[in-house]
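Only one structure is covered here, and it is reproduced in the block below.
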Amino acid sequence: MNEKSPEDSSGVFPQKVPVEPSSPESPDKKTSERFSGFLEFESQVEAALREALDECGVETEGLQVEEPREAADLASTLPFRLASELGRSPAEISGEIAGSVDAAHFSLIERVEGVSGYVNFHADGGQLARETLERIMAVGRGFGTPGLEGDVILEHTSANPNGPLHVGHLRNAVVGDGLRRLLVKAGFDVDTQYYFNDAGRQIALVALGIERFGLPSDGGKPDHAVARVYARANSAVEDGELPEDEVSRLLTEYEEGVEETVEAFREAVEVCLEGIRETLDRLGVVHDSFVEESRFVDDVDSVIERLREAEVVEAEENGALVAQLPGIEKELVLRRSDGTSVYSSKDIAYHVWKAEHGGTIDVLGSDHKLQAQQVGKALELIGVEPPELVVHEFVSLPGGSMSTRRGTFVSADELLDEAKERALGEVEERRGGELSGDEMERIASAVGVSAVRFFMSRVAPQKPMEFDMEAAVDFERQGAPFVQYAYARCSGILEKADEEPVVEVSGFGETELALALQVSRLPYVVRNCALDREIHPVAEYCVDLASSFNEFYRDCRVLDAPEETRAARLGLVEAVRAALGGSMELLGVEPLESM
RNA sequence: GUCCCGGUAGGGUAGCGGACAUCCUGUGGGCUUGCGGAGCCCGCGACCCGGGUUCAAAUCCCGGCCGGGACACCA
Numbered sequence: 086m087n088e089k090s091p092e093d094s095s096g097v098f099p100q101k102v103p104v105e106p107s108s109p110e111s112p113d114k115k116t117s118e119r120f121s122g123f124l125e126f127e128s129q130v131e132a133a134l135r136e137a138l139d140e141c142g143v144e145t146e147g148l149q150v151e152e153p154r155e156a157a158d159l160a161s162t163l164p165f166r167l168a169s170e171l172g173r174s175p176a177e178i179s180g181e182i183a184g185s186v187d188a189a190h191f192s193l194i195e196r197v198e199g200v201s202g203y204v205n206f207h208a209d210g211g212q213l214a215r216e217t218l219e220r221i222m223a224v225g226r227g228f229g230t231p232g233l234e235g236d237v238i239l240e241h242t243s244a245n246p247n248g249p250l251h252v253g254h255l256r257n258a259v260v261g262d263g264l265r266r267l268l269v270k271a272g273f274d275v276d277t278q279y280y281f282n283d284a285g286r287q288i289a290l291v292a293l294g295i296e297r298f299g300l301p302s303d304g305g306k307p308d309h310a311v312a313r314v315y316a317r318a319n320s321a322v323e324d325g326e327l328p329e330d331e332v333s334r335l336l337t338e339y340e341e342g343v344e345e346t347v348e349a350f351r352e353a354v355e356v357c358l359e360g361i362r363e364t365l366d367r368l369g370v371v372h373d374s375f376v377e378e379s380r381f382v383d384d385v386d387s388v389i390e391r392l393r394e395a396e397v398v399e400a401e402e403n404g405a406l407v408a409q410l411p412g413i414e415k416e417l418v419l420r421r422s423d424g425t426s427v428y429s430s431k432d433i434a435y436h437v438w439k440a441e442h443g444g445t446i447d448v449l450g451s452d453h454k455l456q457a458q459q460v461g462k463a464l465e466l467i468g469v470e471p472p473e474l475v476v477h478e479f480v481s482l483p484g485g486s487m488s489t490r491r492g493t494f495v496s497a498d499e500l501l502d503e504a505k506e507r508a509l510g511e512v513e514e515r516r517g518g519e520l521s522g523d524e525m526e527r528i529a530s531a532v533g534v535s536a537v538r539f540f541m542s543r544v545a546p547q548k549p550m551e552f553d554m555e556a557a558v559d560f561e562r563q564g565a566p567f568v569q570y571a572y573a574r575c576s577g578i579l580e581k582a583d584e585e586p587v588v589e590v591s592g593f594g595e596t597e598l599a600l601a602l603q604v605s606r607l608p609y610v611v612r613n614c615a616l617d618r619e620i621h622p623v624a625e626y627c628v629d630l631a632s633s634f635n636e637f638y639r640d641c642r643v644l645d646a647p648e649e650t651r652a653a654r655l656g657l658v659e660a661v662r663a664a665l666g667g668s669m670e671l672l673g674v675e676p677l678e679s680m
């Protein structure tokens, strides 16, 4: 990864407006290279506004450009703010600004009007459609990259290897991997990491359990076997069957480096991780590396030393070390009284290491928020950039509450199995007569995973969510299958066509232009979402684009259209296919050619 | 108890300073012999309560109420 540039003090992430506005003199010149649809329109609007403000002799910061619901494609509310400064009415100012814009200088701006305080910009739909379609013909599914750059280390999932992933981890993984895909699409260099505890009490219990009771070998996934051993060891300790000091003995032995013990821990972790990896694979969730906590044991001393210099470290009477962090009530334990290191201090060391390689983003459940705040504050005190946090709330199931210790949780595997089974039912019902069993099986797997991912992607992470299997897999609602089906329709049409799609927008009516406009918004959506670290608007976009396509499908015949419009409409369908496919992939929703 | 996050039509959800609040579901009506209708169109229905800030508040601030989470020498 590249070194962070020194002048980039605000972090590695560029602020908005990464695309230079085209120069007013030659708006068309560079656009073929850098054109990015609606994003380019936005750039032109900003450039036009600056020019007009200049002409009016107004100086201001911030253009207050927003996307209104329907009055225009983009609008500025600047006149409202300027009104009191200039002592004139917003309506008057908006009229003057609009009058000063020379729309003819901007290829994508059709007209500008001042309406009671708003400066309304209307895109030239035909031109926007033409340039968007041309761009897509050149880059295909690569369409949608807004050209941001920077290095990011993204940490997500990071579940402890004492059992399989459950639905909470699933949300974390879905949000995290969506973010990974989004940031990569936006242009960032992303290194995705799974950080796991390989040395704590929980692992000691697993190792102990395996030693005493053995690993159940009933052909199930290894992480599920580990969960059973863990639960058994837990209750054995609780009712005294296993003495508590056995556990601390193991922990001490581990820290002392007793070979057998270290090996037992390693074995326990590896077995469980194997199962977890299998689940992540099935979900299409990709990590670049798995980072074990124990790697940072040796760095703890220097972390504590640096915190000492910041004068926040206190020793308890019994020898434990804690940090009193300013602004945080709860003290942070750095080292136990027996001298062994605790999770948080290693986590700080891990973040120090990450921060050396790029900007860091952590995706975590809200139950870890306090811990993360403490780590962030500690990092700040020792002069290290703290991670950005993407926090998600809990997932519940209609069934009721879950507990890993009691074994009353629903695993990610079970949820995915159920989703697949339901999807299979739907596919069999609709296509049982024409497709082979294998084919339906394949489609059901893809639809099942997609349905779960889409359902969890579309809700803002800070909202608690109840997973509704029925709604997720429903083929007749606007969920993953709805989007996938629209994609399959595009593919079906293109496959049947025996002529080449072309870019020819002159015959497009309202419906076609509306659809092309929606297509052109992808780079704009990707840029905004990447900078906001949000994936749920991408899900909205998928649904909106699929809906626009369905309206088009209803209104405009393609294959049996008149000669002169057929190839042009095929071009539009091809563009939709690329944009829809590209945006679905951002969420891990699989584009299927047929379903 | 203290801190954090939510509270938008019957249920779910988007918007989080700007123009008549998005979409799904529900419910009532309509289209359709189709490029796979797994679709499309129309109607009904909502910003938790009270103050404040602002030209403008669902959106910001304060105070309630309700729901979830956190507050380990666990991770």
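Just so we're aligned, residue 86 is where the first sequence starts under our numbering, counting upward by one.
Just so you know, even glycine gets a beta-carbon here, dropped at the ideal spot from N, CA and C.
C-alpha distance - Met-550 paired with Arg-543, whole-angstrom precision: Those two C-alpha atoms are separated by around 11 Å.
Val-314 versus Pro-307: straight-line alpha-carbon distance, rounded: Approximately 11 Å between the Cα atoms of the pair.
Buried or exposed (CB count within 10 angstroms, at least 16 for buried), Ala-157: So Ala-157 counts as buried.
Own chain residues within Cβ distance below 6 Å of Glu-355, not counting five before or after: Counting only Cβ-Cβ distances below 6 Å, and skipping sequence neighbours, we find nothing.
Buried versus exposed call for Gln-278 [16 or more other C-beta atoms within 10 Å across all chains shown]: Under a 10 Å Cβ-count criterion, Gln-278 is classified as buried, with 16 or more other Cβ atoms of the shown protein chains found around its own Cβ.
Whole runs of the alpha helix (DSSP H) within the region 451 to 477, excluding any shorter than 4 residues: Here the runs fully enclosed are 454 to 466.
Among Gly-305, Val-611 and Ala-434, the one whose alpha carbon lies nearest that of Ser-668: Of the candidates Gly-305, Val-611 and Ala-434, the one whose C-alpha sits nearest the C-alpha of Ser-668 is Val-611.
Length-filtered (4 minimum) alpha helix (DSSP H) runs lying within the region 614 to 640: Here the runs fully enclosed are 621 to 640.
Gly-263 vs Ala-310 beta-carbon contact at 9 Å: No, Cβ-Cβ distance for Gly-263 and Ala-310 is not below 9 Å.
For Met-550: DSSP bridge partner residues: In the DSSP output, where bridge partners are listed per residue, Met-550 has Val-480.
Closest by C-alpha distance to Phe-552, when choosing among Ala-497, Ala-531, Leu-509 and Gly-592: If we check each option's Cα against that of Phe-552, Ala-497 comes out closest.
Chain-order list of residues whose beta-carbon lies under 8 Å from that of Leu-290 (same chain, five-residue window excluded): Excluding sequence neighbours, Leu-290 sits near Asn-247, Tyr-315, Ala-318, Asn-319, Val-322 and Val-332.
Exposure of Thr-145, with buried meaning 16 or more beta-carbon neighbours within 10 Å: Thr-145 is exposed by the Cβ-count criterion.
Reduced DSSP category for Ala-39 - H, G, I as helix; E, B as strand; rest coil: The chain is shown from 86 up to 680; residue 39 falls before or after that span and cannot be answered.
Own chain residues within Cβ distance below 6 Å of Pro-175, not counting five before or after: Contacts found: Pro-164, Phe-165, Ala-168 and Gly-202.
Local Cβ density within 10 Å of Ala-133, reported as buried at 16 or more and exposed below that: Burial of Ala-133 is indicated by the presence of at least 16 other C-beta atoms within 10 angstroms of its C-beta.
Alpha helix (DSSP H) runs contained entirely in the region 528 to 577, provided each spans 4 or more residues: Entirely contained in the region 528 to 577, the alpha helix (DSSP H) runs reaching 4 residues are, in chain order, 554 to 558.
Chain-order list of residues whose beta-carbon lies under 8 Å from that of Gly-227 (same chain, five-residue window excluded): The beta carbon of Gly-227 lies closer than 8 Å to those of Gly-667 in the same chain, with the five residues before and after it left out.
Whether Leu-267 touches Cys-614 by CB criterion (9 Å): Yes, Cβ-Cβ distance for Leu-267 and Cys-614 is below 9 Å.
Contact under 9 Å by Cβ, Leu-218 with Ala-601: Cβ distance < 9 Å, so Leu-218 and Ala-601 count as in contact.
Candidates Glu-152, Val-398, Val-385 and Leu-482: closest to Leu-410 by CA position: With distances taken between Cα atoms, Leu-410 lies closest to Val-398.
Buried versus exposed, by CB contacts within 10 Å (16 or more), Arg-642: So Arg-642 ends up on the exposed side.
Counted within 10 angstroms of its Cβ, other Cβ atoms place Leu-455 as buried (16 or more) or exposed: Burial call: exposed.
Sub-9 Å separation of Lys-581 and Leu-644 beta-carbons: Yes, the Cβ-Cβ distance between Lys-581 and Leu-644 is below 9 Å.
Reduced DSSP secondary structure (H/G/I, E/B, other) of Arg-491: The predicted model places Arg-491 with a pLDDT of 45, which falls under 50 and marks its position as unreliable, so this point remains unresolved.
Phe-560 to Arg-574 span [Cα, whole Å]: Cα to Cα, Phe-560 sits roughly 14 Å from Arg-574.
Collapsed DSSP secondary structure at Ile-178 in the structure displayed: Of the three classes helix, strand and coil, the one that applies to Ile-178 here is helix, per DSSP.
Own chain partners of Leu-579 with C-beta closer than 8 Å, once the 5 adjacent residues on each side are dropped: Apart from sequence neighbours up to five positions away, the residues of its chain that approach Leu-579 with a beta-carbon distance below 8 Å are Pro-586, Leu-655, Val-658, Glu-659 and Arg-662, ordered along the chain.
DSSP-derived helix/strand/coil call for Gly-272: Three-state result, Gly-272: coil.
With 16 other Cβ atoms within 10 Å as the buried cut-off, status of Pro-249: Buried.
Any non-hydrogen atom of the ligand NAP closer than 8 Å to Val-658 Cβ: With respect to small molecules bound, the structure shown includes none, and the ligand NAP cannot be examined in it.
Runs of alpha helix (DSSP H) wholly within the region 318 to 369 (minimum 4 residues, chain order): Note on the region 318 to 369: whole alpha helix (DSSP H) runs with a minimum of 4 residues are 329 to 341 and 344 to 368, in chain order.
Residue range of the unbroken alpha helix (DSSP H) whose run includes Ile-389: Segment 385 to 394, the alpha helix (DSSP H) holding Ile-389.
Nonlocal neighbours in the same chain, by C-beta distance under 8 Å from Gly-231, ignoring five residues either side: Checking the sequence shown, residue 231 turns out to be Pro, not Gly. Correct list, in chain order: Pro-103, Val-104, Ser-121, Leu-124, Ala-271, Gly-272, Pro-608, Tyr-609, Val-611, Arg-612 and Ala-615.
Distance between beta carbons of Val-480 and Val-252, contact taken as under 8 Å: Contact holds; Cβ gap of about 5 Å.
Beta carbon of Asn-257 nearer than 9 Å to that of Glu-378: Taking 9 Å as the cut-off, the beta carbon of Asn-257 is found no closer than this to the beta carbon of Glu-378.
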